[in-house]
Structures are given as C-alpha cells and as structure tokens.
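Peer 1: Quick one: structure below, then a few questions.
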Amino acid sequence: AVRLPGGKHHSYVALGDLLGWHDRGFLVPILEDHRQLGKEDYGRWHRRMSQAMQALASSPLDLAGKRRALRALLGEAKAMSGATAGDDGEAEEEGDVS
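Residue numbers (the working numbering): 821 to 918.
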C-alpha cells in the first residue's frame, strides 16, 4: 500500500500529478527508467539531471544560448543512442528545444 502524508486532499493532488505526467507522456518513461536502473542508480541519475537543469537555469546564458545548450545535449544523446538529431519525426516548434 502507498501511504502519503497530508491526508485525503494530498492524495488527490498526488494522483492529479501522476495523471498529468501520464497525459504529457512523462510517466511511463520515468517508470521504465526506474525499473531498468533500480532505485539507487535512478536516484543518482535523477539528482545529476536535477543539478544539470539547475545549472542551466541559473547560468548567465540568454534564452537562445540555453536553447542551443539543450539542443547540443539532445543531439549528443541521440548520437550516443544511434539516432541522429532531428529524426524523431516531429517538426520543431517555437519554444521546442529538440
């Protein structure tokens, strides 16, 4: 059983968060990463990614520079996985970093 602090209302908020993550397509990849990596490795990965995003957010780069940095990161990740940057079949939209 899952126990959440804060009573019933908090449970509804937590459930709403989970459903929101699912609607945006985040929940299944997160759960799959956790399943494949295990609790400890996923925890380390999550902390490192959080630190990286905090460093990017607090960097002196302007918005265009931050987008370039994210595109470079995504391109490197795709190259490492055998895909090429931009071959995900989706058109780039304003504000999209991929």
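Cβ coordinates follow ideal geometry from the N, Cα and C atoms, glycine included.
Once DSSP output is grouped into helix, strand and coil, what is the label at S831?
Peer 2: As a position in the sequence shown, residue 831 is number 11, starting the count at 1. Looking at S831 - three-state DSSP - the assignment turns out to be helix.
Peer 1: For the putative contact between L955 and W865, defined by C-beta atoms under 8 Å, what is the C-beta separation to the nearest angstrom?
Peer 2: This structure cannot settle anything about residue 955, because the visible part of the chain is limited to 821 through 918.
Peer 1: Can you give, in chain order, each stretch of the alpha helix (DSSP H) that sits fully within the region 824 to 886 and has at least 4 residues?
Peer 2: Qualifying alpha helix (DSSP H) stretches, in chain order: 827 to 843 and 847 to 877.
Peer 1: Spatial neighbours of L881 within its chain, please: CB distance less than 7 Å, with the 5 preceding and 5 following residues excluded, ordered by chain position.
Peer 2: Working through the sequence shown from its first residue, we reach residue 881 at position 61. Hits under 7 Å: A889.
Peer 1: Do you know whose CA, among M873, M900 and K898, lies nearest R887's CA?
Peer 2: Reading the sequence shown from its first residue, position 67 is the one you call residue 887. Closest option to R887, Cα to Cα, is M873.
Peer 1: Would you check if the distance between the CB atom of L847 and the CB atom of W841 is smaller than 8 Å?
Peer 2: Position 27 of the sequence shown holds residue 847. Position 21 of the sequence shown holds residue 841. In contact: L847 and W841 (Cβ atoms closer than 8 Å).
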